[in-house]
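**Student:** First, the structure itself, so that you have it in front of you.
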Amino acid sequence: MRFDIFTLFPEVCAPYVQESILKRAQAAGLVDVRLHNIRDYAPGKHQVTDDEPYGGGGGMVMKPEPVFNAVETVLGSGAGDAPEASKAPTPIILLTPQGRTFNQEIAYELARHERIALVCGRYEGFDERIREHLATDELSIGDYVLTGGELAALIVVDAVARLLPGVLGDPTGAEDDSFAMGLLEYPHYTRPAEYRGWRVPDILVSGDHGKVARWRRQQALLRTRRRRPDLLERAPLSKDDRKLLGD
Ligand code: ADE
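Residue numbering for the sequence shown follows our numbering, starting at 830 and increasing by one per position.
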């Protein structure tokens, strides 16, 4: 799967995508992350990418030309709603605090695409015409304001890439994740069996796989009820789950 990140600060994004799992996934040809500097597509000697807002007020606004140029050059002129071309199927996603809140469901949805484009804002935001005529979607990573969309774009790349077949070493790696089944994950333990007097729950070293699976399910249910009752309300629960919760 290919990710095209459009940013004024590609050097902020590069280190993260060049390490660890994303590094391996790219070396294995499973993921291709390309960074594009929006400034390279700004016309004129000074390659200006921002300007004052019409109507006054503080802050600077990202100009439409460099962003349209960058995205259309890289994705082809079908990007956005350029009238002469049919809409490109590649999602063009703005990262802003005004988008729909990114979550695991959206990560799964995006993982079905061959390619996605992520456009990072800076300054006060984008000229509205970018939102109206180029972007196909807008995502926020939470109700707080960052200095730019780069961290948000990296979060989207990371969450989506790890869902792709082969990216995680363990082929079932993403299946038990928190949120994958609508619940938070059960607690994990590893060696030593006792650390500073704190023992691993006996059931995990019992060798009884059925009991372990049941214990884990119960822990996930109880933890979700305690920490995220909103998730538990929406989770599809069986009769057995109700019993494990003591309902
Ligand atoms: N840019 C600034 N704040 C952001 C947020 N919360 N999510 C995505 N992009 C952003």
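Built from N, CA and C at the ideal position, the CB exists for glycine as well.
Just curious, the alpha helix (DSSP H) that Val948 is in, first and last residue?
**Tutor:** Segment 944-949 is the beta strand (DSSP E) holding Val948; no alpha helix (DSSP H) there.
**Student:** Thinking just about the alpha-carbon of each residue, which of Glu953, Leu963, Leu992 is nearest to the one in Gly978?
**Tutor:** Considering only alpha carbons, the answer is Glu953.
**Student:** Out of Leu1013, Glu1062, Ala946, point me to the one whose CA is closest to Asp861's CA.
**Tutor:** Ala946
**Student:** Please list the terminal residues of the continuous beta strand (DSSP E) segment that includes Ile834.
**Tutor:** 831-836
**Student:** As a quick exercise: from Tyr973, Lys1068, Ala988, Glu967, pick the residue whose alpha carbon is nearest that of Gln780.
**Tutor:** The first residue shown for the chain is 830 and the last is 1076, placing residue 780 beyond what the model contains.
**Student:** Comparing the CB of Ile970 with every heavy atom of the ligand ADE, is any distance shorter than 7 Å?
**Tutor:** yes
**Student:** Where does Asp1069 land, buried or exposed, given buried means 16+ other C-beta within 10 angstroms?
**Tutor:** exposed
**Student:** Just mark Ala856 as buried or exposed, buried being the case when its beta carbon has 16 or more other beta carbons within 10 Å.
**Tutor:** exposed
**Student:** I'd like to know whether the C-beta atoms of Ala1022 and Val1041 end up nearer to each other than 8 Å.
**Tutor:** no
**Student:** On the three-pair Cβ rule with 8 Å, is the region 889-902 touching the region 1022-1032?
**Tutor:** As far as the Cβ criterion goes, the region 889-902 does not touch the region 1022-1032, which means the pair count is below three.
**Student:** Distance, Cα to Cα, Arg868 vs Ala899?
**Tutor:** 9 Å
**Student:** State buried or exposed for Gln847, treating a residue as buried only when at least 16 other CB atoms are found within 10 Å of its CB.
**Tutor:** exposed
**Student:** Measure the beta-carbon distance from Thr919 to Leu904 and round it to whole angstroms, keeping in mind my assumption that it falls under 8 Å.
**Tutor:** 6 Å
**Student:** Considering only the alpha carbon of each residue, which of Gly950, Lys874, Ala1049, Ile959 lies closest to Pro839?
**Tutor:** Nearest to Pro839 by alpha-carbon distance, out of Gly950, Lys874, Ala1049, Ile959, is Gly950.
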